[in-house]
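In the numbering used here, the protein residues as written are 331 to 485.
Structure, as C-alpha cells:
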C-alpha cells in the first residue's frame with residue numbers, strides 16, 4: 331500500500347474531530363458517573379476516594395477535559411496549516427508551544443490530584459512526556475523557520 335500524504339492529513343482531521351467528540355462525550359458521562367459513582371462499588375478504593383474528595387475529582391476531571399479540548403482545537407489549526415502547505419511558519423511554532431504548555435498544565439493538575447488519588451500520577455507522567463516531546467518538535471520547527479528565512483533572503 332502506497333503512502334498518501336493527503337489521506338494521512340484527512341485521517342488526522344477526522345481523528346481530531348473524533349477525539350473532540352469523545353471529550354464532549356466524556357464530559358457528559360463524567361457528570362453521570364459522579365452522580366452515580368456508588369454503582370461502581372466493586373472498585374472500593376475509587377469509591378472511598380470519591381466519598382472523601384468528590385468535588386476535587388470533578389474539578390480535576392473537567393479541567394483536564396477542557397485543556398484536552400483546547401489541545402485538540404490547536405491541533406486542528408496546525409493540521410489545517412500543514413494541509414495548506416504552510417508548515418514552517420511562526421503560527422505553527424506558536425501552536426506547538428501552546429499545546430506543549432497545555433500538556434504541562436494537564437501534568438500539573440494531575441500532580442496536584444495525586445494527593446487524593448494516586449492513579450492521577452499516570453496522567454502526570456504522560457503530560458510531562460508529551461509536553462517535552464512537543465517542546466523538542468517546536469524547537470525543530472523554529473530552527474527550520476530560521477533556515478527557511480535565511481534561504482529566502484539568499485535567493
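C-beta atoms are modelled at their ideal positions from N, C-alpha and C, and glycine is treated no differently.
- Under the criterion of beta carbons closer than 8 Å, residue 471 and residue 408 do not qualify as touching, at roughly 10 Å.
- Residue 338 counts as exposed, since fewer than 16 other beta carbons sit within 10 angstroms of its beta carbon.
- For residue 461 against residue 440, the beta-carbon gap comes to about 12 Å, at or over 8 Å, which does not count as contact.
- In this structure, residue 380 lies away from residue 392, with their beta-carbon atoms at least 8 Å apart.
- Under the DSSP assignment, residue 471 falls in the alpha helix (DSSP H) whose first and last residues are 450-484.
- Going by DSSP, residue 418 is part of no alpha helix (DSSP H) at all; its letter is neither H nor E.
- Rounded to whole angstroms, the separation of the alpha carbons of residue 449 and residue 402 is 24 Å.
- By a beta-carbon distance limit of 8 Å, residue 394 contacts residue 436. Their separation comes to about 5 Å.
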